[in-house]
Amino acid sequence: MYLAKMNYLQVEDYLQHNDTIVIPVGSLENHGLHLPLGTDALIPEELARLLDARSPLLIAPAVNYGATDDLAGFAGTVSLGTEGLISLLRSICDQLYRHGFRHFIILNGHGGNTAAIQTVGLHLYNKGALLANLNWWLMAGQLNPAWAGGHGGGEETAGVMAVDPALIKTEYLHQPEGIRNDLGDALPYEAWTNVRYKGVSVSVPRRIDAITDNGWLVHSFRGDVPDRATPEWGRQMLASVADYIADFGEVFAKAPLPVPQK
Ligand SMILES: [Zn+2]
Numbered sequence: 449m450y451l452a453k454m455n456y457l458q459v460e461d462y463l464q465h466n467d468t469i470v471i472p473v474g475s476l477e478n479h480g481l482h483l484p485l486g487t488d489a490l491i492p493e494e495l496a497r498l499l500d501a502r503s504p505l506l507i508a509p510a511v512n513y514g515a516t517d518d519l520a521g522f523a524g525t526v527s528l529g530t531e532g533l534i535s536l537l538r539s540i541c542d543q544l545y546r547h548g549f550r551h552f553i554i555l556n557g558h559g560g561n562t563a564a565i566q567t568v569g570l571h572l573y574n575k576g577a578l579l580a581n582l583n584w585w586l587m588a589g590q591l592n593p594a595w596a597g598g599h600g601g602g603e604e605t606a607g608v609m610a611v612d613p614a615l616i617k618t619e620y621l622h623q624p625e626g627i628r629n630d631l632g633d634a635l636p637y638e639a640w641t642n643v644r645y646k647g648v649s650v651s652v653p654r655r656i657d658a659i660t661d662n663g664w665l666v667h668s669f670r671g672d673v674p675d676r677a678t679p680e681w682g683r684q685m686l687a688s689v690a691d692y693i694a695d696f697g698e699v700f701a702k703a704p705l706p707v708p709q710k
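Plus 448 on top of the position in the sequence shown (first one is 1) and you've got the numbering used here.
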């Protein structure tokens with residue numbers, strides 16, 4: 449059920465027997481030339497649609513801007529920053545809380561959003577509510593290790609293919625990621641904004657356009673290339689993740705609430 453399609457009496461009725469709300473949270477950011485900027489929003493929204501067919505949980509309108517400052521060098525990327533996302537999500541959740549919602553499930557599409565979601569989760573906990581953050585791409589990799597992938601790699605490409613194969617710019621599917629060792633060969637690229645030195649991975653926060661020509665990064669998932677993705681993979685993967693979310697949501701809805709903290 450979609451909150452935006454209900455009237456307030458239906459919401460009051462829902463709250464009589466369930467105080468759980470699902471909020472898809474995405475991002476608008478470069479994912480390489482083969483994927484659309486809305487990749488991290490399109491997939492959680494598709495998961496919400498699949499969830500709606502499997503579960504009575506109420507689904508709020510998606511938040512489709514996220515915290516993605518490090519990709520801001522690519523045209524079209526728009527970031528709220530972590531503070532902006534905290535502010536927006538906290539405001540949405542506080543108002544839902546006032547109406548009586550106490551169990552919040554975030555369907556998150558973007559790794560950069562997790563710091564903000566964690567902060568809002570603890571804020572809600574302190575008010576006597578619970579937030580569960582479901583990072584779909586990590587869940588998929590745990591449900592089936594063959595699905596694991598990084599930013600713009602096979603996993604996300606398969607996910608977008610499941611939404612609509614026409615969204616893939618197929619002429620760019622075979623393009624190399626164009627990583628450069630921008631901090632010199634003594635500190636080679638490792639994953640996201642990490643470099644490797646003497647076998648240890650070290651984070652050096654910097655803009656992604658300093659590291660790659662086109663903005664897709666395989667993280668540590670070597671071999672996670674977009675041209676291995678298929679629509680069948682994407683459909684199976686998103687269906688499995690949606691099944692999981694439906695089961696998890698049923699159990700999480702009954703999880704005991706914390707005592708409000710000082
Ligand atoms: Zn992504």
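Even for Gly, the Cβ is constructed at its ideal location relative to N, Cα and C.
Tell me which residue opens and which closes the beta strand (DSSP E) that residue i is part of.
i: Pro472; result: 468-473
i: Leu582; result: 578-583
i: Glu638; result: 637-639
i: Val650; result: 648-651
i: Val643; result: 642-645
Going by C-alpha to C-alpha distance, which of the options sits closest to residue i?
i: Asp467; options: Thr660, Val673, Asp542, Phe552; result: Phe552
i: Pro613; options: Ile491, Tyr450, Glu460; result: Ile491
i: Asn561; options: Val473, Gly671, Glu680; result: Val473
i: Asp488; options: Asp675, Lys453, Asn583, Trp640; result: Asn583
i: Gly703; options: Ser503, Tyr573, Asn512, Gly557; result: According to the sequence provided, residue 703 is Ala. The question's Gly does not apply to it. With distances taken between Cα atoms, Ala703 lies closest to Tyr573.
i: Gln543; options: Gly557, Ala577, Pro653; result: Ala577
i: Glu494; options: Val689, Ala701, Pro706; result: Val689
i: Val511; options: Ser527, Asn455, Ala523; result: Ser527
i: Gly524; options: Asp672, Ile659, His479; result: His479
i: Leu505; options: Ala639, Phe696, Ser649; result: Phe696
i: Gly682; options: Glu625, Gly597, Gln464, Ile659; result: Gly597
i: Leu591; options: Tyr692, Val470, Arg538; result: Tyr692
i: Val648; options: Leu519, Arg654, Ala639, Gly626; result: Ala639
i: Gly557; options: Glu477, Val699, Tyr620; result: Glu477
i: Lys710; options: Lys575, Ser535, Val470; result: Lys575
i: Asp517; options: Pro653, Ala701, Tyr462; result: Pro653
i: Pro484; options: Ile534, His571, Gly601; result: Gly601
i: Thr618; options: Pro674, Tyr637, Ser651, Pro636; result: Pro674
i: Glu604; options: Val699, Ala658, His482; result: His482
i: Phe549; options: Ala563, Ala515, His465, Leu533; result: His465
i: Ile616; options: Met449, Val470, Gly486; result: Gly486
i: Val699; options: Ser503, Leu536, Asn629; result: Ser503
i: Tyr462; options: Leu665, Pro624, His547; result: His547
i: Leu665; options: Leu686, Gly569, Gly559, Leu579; result: Gly559
i: Trp514; options: Pro624, Ile554, Pro636; result: In the sequence as displayed, the identity of residue 514 is Gly instead of Trp. The option with the nearest alpha carbon to Gly514 is Ile554.
i: Ser420; options: Asp500, His571, Phe522, Ala501; result: The question about residue 420 has no answer here: the residues shown for the chain are numbered 449 through 710.
i: Val470; options: Ala694, Val707, Pro708, Leu705; result: Ala694
i: Pro593; options: Met685, Tyr645, His622, Val643; result: Met685
i: Leu579; options: Trp595, Val611, Tyr545; result: Tyr545
i: Leu705; options: Gly569, Ala687, Glu625; result: Gly569
Under the assumption that residue i contacts residue j (Cβ atoms under 8 angstroms), give the Cβ distance between them as a whole number of angstroms.
i: Met609; j: Thr678; result: 7 angstroms
i: Leu451; j: Ile540; result: Actually they are not in contact, since the Cβ atoms of Leu451 and Ile540 sit about 11 angstroms apart, beyond 8 angstroms.
i: Leu533; j: Ala564; result: 4 angstroms
i: Ile627; j: Ile656; result: Actually they are not in contact, since the Cβ atoms of Ile627 and Ile656 sit about 10 angstroms apart, beyond 8 angstroms.
i: Gly663; j: Leu519; result: 7 angstroms
i: Met449; j: Asp500; result: 7 angstroms
i: Tyr645; j: Leu635; result: 6 angstroms
Which two residues bound the contiguous alpha helix (DSSP H) that contains residue i?
i: Ala683; result: According to the sequence provided, residue 683 is Arg. The question's Ala does not apply to it. Here the alpha helix (DSSP H) through Arg683 covers 679-700.
i: Val608; result: 602-611
i: Glu460; result: 456-465
With a threshold of 9 angstroms between beta carbons, is residue i in contact with chain D?
i: Gly557; result: The structure shown contains no chain D; it is built from a single protein chain.
Pocket of ligand 1 (residues with CB nearer than 6 angstroms to any heavy atom), chain order: His479, Thr487, Asp488, His558, His599, Glu604
Give, in chain order, every unbroken run of the beta strand (DSSP E) that is at least 3 residues long and sits entirely within the segment 546-573. 551-556
Pick out the complete beta strand (DSSP E) segments inside the segment 467-536, 3 residues or longer, and give them in chain order. 468-473
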